[in-house]
Amino acid sequence: MNALCRHSLTVCAALVLASGAAHAELEPTALVDQQHCMFCHTRDAPFLAPSFQQIAERYRNVPNAQFMLEHKLRLGGKAHWGDMAMPPAADRGGPLSAEDAHTLVLWVLSQ
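Take a look at the structure:
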């Protein structure tokens, strides 16, 4: 294999890895819209509720936090920041499956 072929393969491999990493952080827009997440949250600044980045910073390395957040997304829960509690999914835009809650939590924790 000549140098040009090796270089091309290296560049292609790097692009595939980079696109995979970027894909992992893509916003699950349909779920975010369905659940009206942006009514209270933003990606990087507190609004009516903490930002997704603040949530990620607080919970990213906490054992069982992913399960707790998924549960809270589906059923609602008390406020951990300020006075606003998380309403249940049924009040935000309809039922939220365990799989969809998992997708949203993984995205938030990737911020």
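Each residue of the sequence shown is one higher than the one before, starting from 21 at the first, in my numbering.
Note that beta-carbon positions come from the ideal geometry of N, C-alpha and C, so glycine has one too.
Find the nearest neighbour of residue i within the set the options, judged by alpha-carbon distance.
i: S130; options: E119, A118, D103 and Q74; result: Q74
i: E77; options: F87, L68 and D64; result: D64
For residue i, which residues of its own chain have a beta-carbon under 7 Å away from its beta-carbon, when the five flanking residues on both sides are left out?
i: P48; result: T123, L124 and W127
i: Y79; result: A85, L89 and L129
i: R112; result: Q55 and H56
So residue i is in the alpha helix (DSSP H); what residue range does that whole segment cover?
i: T62; result: No alpha helix (DSSP H) contains T62, which DSSP labels as neither H nor E.
i: V82; result: Run containing V82: none; DSSP gives neither H nor E here.
Buried or exposed: which applies to residue i, given that a residue is buried once 16 or more other Cβ atoms fall within 10 Å of its Cβ?
i: A42; result: With a pLDDT of 42 at A42, under the threshold of 50, the predicted position of this residue should be treated as unreliable, and no value is reported.
i: L93; result: buried
i: S99; result: Just to set this straight, residue 99 is Ala in the shown sequence, not Ser. It is exposed - the Cβ of A99 has fewer than 16 other Cβ atoms within 10 Å.
Please check the pair residue i and residue j, which I expect to be a contact at CB under 8 Å, by giving their CB distance rounded to whole angstroms.
i: A105; j: G96; result: 7 Å
i: L51; j: D120; result: 5 Å
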